[in-house]
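The numbering used here applies: residue 181 is where the sequence shown begins, and numbers increase by one.
The next block holds one structure in the form of structure tokens; read it before the comments.
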Amino acid sequence: MDRYTLLQKIGIYFGIAVFLTFILLPFFEMFMTSLKPLNHILRAPYQFWSDDFSFDAYTRMWERVPLLGRYIWNSIFIATTVTIIAMIVIVPAAYAYARLDFPFKTQSLGLFLSVNMFAGAVLLIPLYKLMRTLGLLNTYWAMIIPGVAFLIPTGIWLLRGYLEKIPKEMEEAAYMDGASRLYTLRRVILPLAGPGLVVVATTVFITAYAQQYLFAVTFNSNGNLHPLPVGLLQFIGYQNVEWNMMMAAALTGITPVLLVFLFLQRYLVAGLTAGAVKE
181 MDRYTLLQKI GIYFGIAVFL TFILLPFFEM FMTSLKPLNH ILRAPYQFWS
231 DDFSFDAYTR MWERVPLLGR YIWNSIFIAT TVTIIAMIVI VPAAYAYARL
281 DFPFKTQSLG LFLSVNMFAG AVLLIPLYKL MRTLGLLNTY WAMIIPGVAF
331 LIPTGIWLLR GYLEKIPKEM EEAAYMDGAS RLYTLRRVIL PLAGPGLVVV
381 ATTVFITAYA QQYLFAVTFN SNGNLHPLPV GLLQFIGYQN VEWNMMMAAA
431 LTGITPVLLV FLFLQRYLVA GLTAGAVKE
């Protein structure tokens, strides 16, 4: 920052402040809404500040939706399982695209990435038929398998760019010592690619945690297996919507994701910084 003039620094910090405002303001509004009584939320004209804030919604939401804890656990379980399975496929595939030469290498990766061009709603009918044929409806797998399929291409693309920046000389030295390609991947490449692996795994986990609604309501009618996004629908009644309890439940549900992000923050910064520099 020392190379910038005072005016440039002001512009940079102003831009950062505007960006953070747009990112953080919705979460702040969710928190403020969760503290307001329902009649205050529906008051017109809308008032941002209230004199009767309370954490009552955070206690009553468990009574309003008794399975809320189960829904949060289901979301964590589904996202974690998707991440583990996806990473098992992503790591060797990204290494192959980064180091090996084979026919239609670029074209095949582009074909995989084109899967993400289709919205999940477009593929719901064929996916439903597939899940019914495999007997996976009303199971966790009906939500895990589509999540893995949609996230693998993006994960391969992200990790491939990071692996390409690891010097090939390290692998060649391992080959000269008699190491196999699999041993080199496990003992040489993966330790060096640690920050990149964290970035990809975190991206997969957060995306898997956020995209559960559509697959859950289509492939699962078992209430005990529903993730949090579906469970939040129970705060919608015939006459009104319990907005304060819904916001409290939503904030409680995203807390695990925030904790994961905060715990891995330094690794994420290291991975993103390393991946942003081209040798």
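Here a beta-carbon is modelled for each residue, glycine too, at the ideal position from N, C-alpha and C.
Closest by CA to residue i, which one among the options?
{"i": "SER294", "options": "ASN400, PRO206 and PRO333", "result": "PRO333"}
{"i": "LEU444", "options": "VAL380, GLN392, PHE292 and GLY403", "result": "VAL380"}
{"i": "VAL437", "options": "LEU317, ILE258 and ARG367", "result": "ILE258"}
{"i": "MET494", "options": "PHE415, ILE252, LEU365 and THR201", "result": "For residue 494 there is no data in the structure shown, the boundaries of the chain being 181 and 459."}
{"i": "THR260", "options": "PHE399, ILE386 and LYS189", "result": "ILE386"}
{"i": "LEU439", "options": "THR382, LEU222, LEU280 and PRO283", "result": "THR382"}
{"i": "PHE330", "options": "GLY376, SER401 and PHE395", "result": "PHE395"}
{"i": "VAL421", "options": "ILE221, LEU186 and THR313", "result": "ILE221"}
{"i": "ILE346", "options": "PRO306, PRO375, LEU405 and TYR320", "result": "PRO375"}
{"i": "ASN219", "options": "VAL302, ARG279 and MET425", "result": "MET425"}
{"i": "PRO272", "options": "ILE192, GLY358, TYR251 and LEU377", "result": "LEU377"}
{"i": "PHE233", "options": "PHE211, ARG244, ARG250 and ILE252", "result": "PHE211"}
{"i": "GLY417", "options": "LEU291, ARG244 and LEU304", "result": "ARG244"}
{"i": "ALA278", "options": "PHE235, LEU338, LEU303 and LEU187", "result": "LEU338"}
{"i": "ARG361", "options": "LEU303, LEU187, LEU280 and ILE190", "result": "LEU280"}
Taking the Cβ atom as the reference point for each residue, do residue i and residue j lie within a distance shorter than 9 Å?
{"i": "MET323", "j": "PRO407", "result": "yes"}
{"i": "ILE270", "j": "ILE325", "result": "no"}
{"i": "LEU343", "j": "ALA274", "result": "yes"}
{"i": "ARG366", "j": "LEU289", "result": "no"}
{"i": "TYR393", "j": "ILE256", "result": "no"}
{"i": "LEU215", "j": "ALA197", "result": "no"}
{"i": "ASN318", "j": "ASN254", "result": "no"}
{"i": "VAL262", "j": "VAL397", "result": "no"}
{"i": "GLY284", "j": "ALA276", "result": "Reading off the sequence, residue 284 comes out as Phe, not Gly. Result no, Cβ atoms of PHE284 and ALA276 do not sit closer than 9 Å."}
{"i": "LEU405", "j": "TYR320", "result": "yes"}
{"i": "ILE369", "j": "GLU351", "result": "yes"}
{"i": "TRP423", "j": "THR201", "result": "no"}
{"i": "TYR363", "j": "ALA373", "result": "no"}
Using 9 Å as the limit for Cβ to Cβ distance, is residue i near chain B?
{"i": "ILE332", "result": "Structure shown: chain B not included; a single protein chain is present."}
Would you call residue i buried or exposed, if buried means 16 or more other Cβ atoms sit within 10 Å of its Cβ?
{"i": "GLU349", "result": "exposed"}
{"i": "ALA428", "result": "buried"}
{"i": "GLY455", "result": "For GLY455, the predicted structure reports a pLDDT of 46, less than 50, and the residue's modelled location is therefore unreliable. A value from the coordinates is still provided. With 16 or more Cβ atoms within 10 Å of its Cβ, GLY455 is classed as buried."}
{"i": "MET311", "result": "buried"}
{"i": "PRO246", "result": "exposed"}
{"i": "VAL328", "result": "buried"}
{"i": "ALA224", "result": "exposed"}
{"i": "ASN400", "result": "buried"}
{"i": "ALA301", "result": "exposed"}
{"i": "VAL457", "result": "Unreliable positioning characterises VAL457 in this predicted model, as indicated by a pLDDT of 43, which lies under 50. The coordinate reading is nonetheless provided below. The residue is exposed, with fewer than 16 neighbouring Cβ atoms inside 10 Å."}
{"i": "LEU307", "result": "buried"}
{"i": "GLN287", "result": "exposed"}
{"i": "ILE252", "result": "buried"}
{"i": "GLN419", "result": "exposed"}
{"i": "GLU459", "result": "At GLU459, the pLDDT of 45 sits below 50, so the modelled position is not reliable and the matter cannot be decided from this model."}
{"i": "GLN391", "result": "buried"}
Exercise for the section: Run through the segment 206 to 270 for me and flag every whole beta strand (DSSP E) of 3 or more residues, listed as ranges in chain order. Expected result: none
Exercise for the section: Decide yes or no for the touch test of the segment 202 to 212 against the segment 419 to 434: beta carbon pairs closer than 8 Å, at least 3 of them. Expected result: yes
Problem - the segment 408 to 415 contacting the segment 212 to 230, beta-carbon criterion three pairs below 8 Å - result: no
Problem - Entirely enclosed alpha helix (DSSP H) segments - the segment 329 to 399, minimum 4 residues - result: 348 to 356, 361 to 364, 374 to 390 and 392 to 399
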